[in-house]
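In what follows, a structure is listed as structure tokens, so that the remarks can point back to it.
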Amino acid sequence: MDQNRAPIFEALEKQRTDRIVHFDVPGHKGGRGNKELTAFLGEKCLKVDVNSMKSVDNLNHPVSVIKDALDLAAEAFGAKSCFFMVNGTTAAVQAMVMSACKAGDKIIMPRNVHRSAINALVICGAIPVYVNPGINHRLGIALGMSVSEIEKAVGENPDAKAILVNNPTYYGICSDLRKIVEIGHRHNMLVLVDEAHGTHFYFGENMPVSAMTAGADMASVSMHKTGGSLTQSSILLCGQNVNVDYVRQIINLTQTTSASYLLLSSLDIARKNLSLNGKEIFRKAVQLSNYARDEINHLGGYYAFSKEIIDHDAVYDFDVTKLAINTRDLGLAGIEVYDILRDDYGIQVEFGDLGNILAIISAGDREMEIERLISALFEIKRLYAKDSTGMYDHNYINPDVVYTPQRAFYSSKRAVPIKESNGKISCEFVMAYPPGIPILAPGERITVEIIDYITYAKEKGSLLMGTQDMRVENIYVMEE
Amino acid sequence: MELWFTENHTENVKFSIKVDKQLASVESEFQRIDVFDSYEFGKVLVLDGYVMLTEKDEFIYHEMITHVPMAVNPEIKKVLVIGAGDGGTIRELTRYNHIKAIDMVEIDKLVVDICKEHIPQTASKLSDERVNIFYEDGLKFVRSKQNEYDLIIVDSTDPFGPGEDLFTREFYGNCYKALKEDGILVNQHESPYYKNDAMAMQKAHQRIKSVFPVARIYQAHIPTYPSGHWLFGFASKKYDPIADIKEEKWNSFNIKTKYYNTELHKGSFAIPNYVKELLENA
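Note that the protein sequences, when read in sequence, are chains R and F. Numbered as in the working numbering, the first sequence ends at 480 without a single skipped number. Numbered as in the working numbering, the second sequence ends at 1282 without a single skipped number.
Next comes the structure, spelled out in structure tokens:
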């Protein structure tokens, strides 16, 4: 196939120049019906914001240009087939889980997954078997899944239908994907990979192994994160063992029937760009990231970690494009550094948690911005560093799972103040966003440690969410 | 035949200079560099379409950016100049025999090369033995320095393009760190007149003010810059630019200037009400 082609993009270009008269939706009719929006986004953009029609195919039932674009993308990623997703990688992760599991089926996964995976369990009623991720105590972060933990979980739950792996984690930590695929397949389990932060594994050189290369059955890649497509666009990849027609049905249960062609064409064009220029793009990103890491470590006080944390177990490999920086030795929580960077220096990083900040380095970065980040970190150290005793040292608490997420979510419940909820079973999520990894999920017992963690995170300025109570002061717990 | 160079001072205001010859036009890694020979202003250096200097009025800018801090602290021995590839600021500094070292950090070597070739009026002193030229990003250079300089002069381009990071809070903070305990920072501070320049000016002032205990503004009239009304920033850890001026000492140097004098020095810190208001609201 010719990776220079971009069939959706080409069809939209033709559609635009054909000057078709529209008596269909969208009602803005190429922007004429909403002048302010057109002035803001540009006429070209509004003119290709069209509905499904013969010339541009239909995402729910692709037979022409979308099908061609999907085939090209599948080839580019080394997958048997793929789907373009317009409701984010969240929808892709949910489609993976719901394709693999029905109500009552077991799925093995690490607890430090994104909320989207546990949301899928609330919807479909599958039962999670959590594998404890490794913990790096120096950094206070959860790591990947160790092979021995997975073997243990598989041995204890031979009836599980799938293993879900989060690879790489937000911080860039990779598990031994090849080995996990081998274990899963040996026990007739599908291996699903949340690869939201790993699009570049398919295109860069000397990257950790990608899910499709490792032989995984399905993988969700956030093209919009490091692949250059528009926010909310994503790709679901499928391997050999997957019934793609069933997966399409699952996707169509919840997917819009008015998929945005802005998103679809952005996936098409981003795939083309990655196929043609990916090596160079990610070579530059790695170089900038490594440079920044060396300079930051040179400053002292900060620890920008990299491949030295590899232990061939819970940290099987490390994604060097991730610039995660531990701030604990400065006596500052990551979220505090995050806030100072944005408020005082006009620098927005991806997230700050209790001990770290994460900067995403991608195709769009230049030396100047990297210098600004390094210099601002230098200044923050000079101006704000303090004694680090009393700093909270971890971001992961092993859960005590009492009920399935679905059972707890739909049970009879009552609201209590979080501070008085010790020992109760939560019906809700609580998470800091980003990164969106639940501190508490439905069906888990609330402990003093969790309450202290939530209180501390709020004090430090984390944006907490998940509960019905927008202020995250009360939480719904199960009636007992 | 008529050949005109035109700079857009705003979207709706143009400034044109009749050109005799174009002497150079190159695209560097960072910007487009042009040199024109003009009838009225002599040689004109243009970066990315913006006039950086003309032979006829560069003395105003270069005298004002150097002699003001030198009169406040005539003991200055070690100076860091950021930007200044044309060499004009260096030329003025080399007139002080007691200055021991001048480090100049210019990101774009081609600017220096072209000025040496075509505009010796400003570039002639770049070879002074006290001058060390570093071709790198100013922000990167300054962050590794601590308690080293008596004076930092930021002779930058506008805050859009390669000079953007020289208008940031992290840059001013790192300059503070690089200065000695009685150090002074002087910077090209944009213009208060047209809206976009004024916004850049306000932001720069607000950031400098948050870093330095003394942060004042002075002005000069520079005919070829947008609106002609141009500002400089004087920030320091200790000295007030008027109360601490050493008039006698500076005048004893006997440096012959075309624009600057110690009377003008004091007057240049008296600024119009609308500029005061902009600074108060920064």
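Here a beta-carbon is modelled for each residue, glycine too, at the ideal position from N, C-alpha and C. Just so you know, these numbers come straight off a predicted model, no measurement behind them.
At a threshold of 6 Å, does residue i count as lining the ligand MN (C-beta to nearest heavy atom)?
i	result
F:S1156	This structure lacks the ligand MN, and indeed carries no ligand of any kind.
Can you name the residues of chain F whose CB is closer than 7 Å to the CB of residue i?
i	result
R:D343	Those within 7 Å of R:D343 in chain F number zero; the least Cβ separation is about 10 Å.
R:F378	R1143, N1174
Nearest chain F C-beta to residue i closer than 7 Å, yes or no?
i	result
R:R372	yes
R:S289	no
R:S220	no
R:S375	yes
Beta-carbon of residue i versus every beta-carbon of chain R: anything under 7 Å?
i	result
F:D1165	yes
F:K1018	no
F:E1170	yes
Locate the alpha helix (DSSP H) running through residue i, then write down its first and last residues.
i	result
R:L121	115-124
F:D1150	Where F:D1150 is concerned, there is no enclosing alpha helix (DSSP H), although the beta strand (DSSP E) it sits in stretches over 1149-1155.
F:P1120	1120-1123
R:N505	Within the shown structure, residues of chain R are numbered from 1 to 480, placing residue 505 of chain R beyond reach of any answer.
F:H1216	The sequence given here places Arg at residue 1216 of chain F; His does not occur at that position. Element bounds for F:R1216: not the alpha helix (DSSP H) but the beta strand (DSSP E), 1214-1221.
F:F1059	1058-1072
R:K35	35-41
Once the 5 residues before and after residue i are set aside, which same chain residues still bring their CB inside 7 Å of it?
i	result
R:I173	L143, G144, V315, F318
R:K179	V147
R:L377	I296, L299, Y302
R:Y433	L463, M465
F:R1216	F1234, P1241, F1269
Looking only at its chain, what residues have a beta carbon closer than 6 Å to the beta carbon of residue i, apart from the 5 residues adjacent to it on each side?
i	result
F:N1174	V1142, R1143
R:I127	K106, T404
R:P399	R111, E444
F:N1132	D1103
R:G31	T38, E43, L46
Residue i versus chain R: which residues are under 7 Å apart at the beta carbon?
i	result
F:F1253	Simply none; closest approach about 35 Å.
F:K1109	Under the 7 Å cutoff, chain R gives no residues; its nearest Cβ is about 15 Å from F:K1109.
F:K1140	E371
The beta strand (DSSP E) that contains residue i, what's its start and end?
i	result
R:P438	438-440
R:C427	From DSSP, R:C427 is part of no beta strand (DSSP E); its letter is neither H nor E.
F:G1183	1179-1188
F:R1032	1032-1038
F:T1054	1050-1054
F:F1232	1229-1236
R:C238	234-238
F:F1015	1013-1027
R:I108	106-110
R:Y130	127-131
F:H1009	1003-1010
F:N1132	1131-1134
Within the same chain, show all residues whose beta-carbon is closer than 8 Å to that of residue i, passing over the 5 residues directly before and after it, in chain order.
i	result
R:K29	H22
R:I451	I418, K419, S421, N422
R:L12	V48, V50, V56, Y261, S265
R:N4	K272, L276
F:D1038	The question names Asp, yet the displayed sequence has Ser at residue 1038 of chain F. Excluding sequence neighbours, F:S1038 sits near F1005, I1017, K1018, V1019, D1020, V1044, T1054.
F:R1130	T1094, I1099, K1100, A1101, I1102
I think residue i touches residue j, with their Cβ atoms under 8 Å apart; what is that distance to the nearest whole Å?
i	j	result
R:I374	R:I296	6 Å
F:L1023	F:G1087	No, F:L1023 and F:G1087 are not in contact; Cβ-Cβ is about 16 Å, not under 8 Å.
F:D1137	F:I1107	5 Å
R:S81	R:L70	7 Å
F:T1094	F:D1128	5 Å
F:L1179	F:Y1149	5 Å
F:S1227	F:Y1193	4 Å
R:I150	R:V131	6 Å
So which residues of chain R does residue i contact, with C-beta pairs closer than 8 Å?
i	result
F:R1032	Those do not exist, as F:R1032 stays about 17 Å from chain R at its closest Cβ, beyond 8 Å.
By the criterion of Cβ-Cβ separation under 8 Å, what are the contact partners of residue i in chain F?
i	result
R:E367	D1137
R:V382	It should be pointed out that residue 382 of chain R corresponds to Arg in this sequence rather than to Val. Near R:R382 (Cβ distances below 8 Å), the residues of chain F are G1173, K1177.
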